[in-house]
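For the sequence shown, position 82 matches number 127 in this note's numbering, and the numbering has no gaps at all. Here a beta-carbon is modelled for each residue, glycine too, at the ideal position from N, C-alpha and C. Structure first, commentary second.
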Amino acid sequence: MSLPGDLIKAIREELTSGDPKTKKLLTELLLSIVLKDSGGSELSNYVKNLDIALSALRDLFRPLIKGSLFNQPVTANTNIFSSDLTPSLATTSNPVYFRIFACFNASGVLSVVKTKGTTTVTMQLNGGNALNANALYAFDIAVESGESVNLQYSVNATALELKVEEIASTVV
């Protein structure tokens, strides 16, 4: 019995992804299918489990868009997003990363406003140096369960591109 074409394609994509952890997990899953299926009767159950495992892996490695602006005005020193951004995948022992892509039409300082409980702190990105106008920057910040994040820009500007993606810490 052969695996369905779509599943074979998914396995090939995952095995060629270059990630050693993914390759090891898939190799173990495939080996368990071969070793546990002596008569062919349980192969479909193992294939279903493998498909579920592959879907979970793909979801884990796929960034989640938490906030996005494209060619929108921002007001100086004001929270850019109408509500704070919170992590979906973080646990108390396993934080996530928010990857921030930012490009503004005017030079200014981009800051992270992080809240945990009742305490809020503001931290400047790029060493507190102004971002160059019309230049795209990328930053990663760690975010734990129970924390929320917003962004502020030091001058009135247009956010040509501002995107915040949540990335599982196992990926970074």
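Exposed or buried, isoleucine 97, counting other C-beta atoms within 10 Å across all chains shown (16 or more means buried)?
The residue you call residue 97 lines up with position 52 of the sequence shown. Exposed, by the Cβ-count rule.
Measure the CB-CB distance between threonine 160 and serine 193 and report whether it falls below 9 angstroms.
Taking the sequence shown and counting its residues from 1, one reaches residue 160 at position 115. Taking the sequence shown and counting its residues from 1, one reaches residue 193 at position 148. In this structure, serine 193 lies closer than 9 angstroms to threonine 160 by Cβ.
Count the other CB atoms within 10 Å of the CB of glutamine 117; is the residue buried (16 or more) or exposed (fewer)?
Taking the first residue of the sequence shown as position 1, residue 117 is located at position 72. It is exposed - the Cβ of glutamine 117 has fewer than 16 other Cβ atoms within 10 Å.
How big is the Cα-Cα spacing for asparagine 179 and phenylalanine 143?
By one-based count along the sequence shown, residue 179 stands at place 134. By one-based count along the sequence shown, residue 143 stands at place 98. Distance between the alpha carbons of asparagine 179 and phenylalanine 143: 22 angstroms.
Are there 16 or more other CB atoms within 10 angstroms of the CB of alanine 183, so buried, or fewer, so exposed?
Working through the sequence shown from its first residue, we reach residue 183 at position 138. Exposed, because fewer than 16 other Cβ atoms sit within 10 Å of the Cβ of alanine 183.
If I measure Cβ to Cβ from serine 152 and keep anything under 8 angstroms in the same chain, skipping five residues before and after, which residues do I get?
Residue 152 sits at position 107 when you count from the first residue of the sequence shown. Contacts found: Ala175, Leu176, Asn177, Ala178, Val200.
Could you check whether valine 188 and alanine 135 sit closer than 9 angstroms to each other, using their CB atoms as the reference points?
Residue 135 sits at position 90 when you count from the first residue of the sequence shown. Residue 188 sits at position 143 when you count from the first residue of the sequence shown. Against a cut-off of 9 angstroms, the Cβ pair of valine 188 and alanine 135 comes out as a contact.
For a quick check, are the C-beta atoms of serine 133 and leucine 109 less than 9 angstroms apart?
As a working note, residue 133 is residue 88 in the sequence shown. As a working note, residue 109 is residue 64 in the sequence shown. Against a cut-off of 9 angstroms, the Cβ pair of leucine 109 and serine 133 comes out as a contact.
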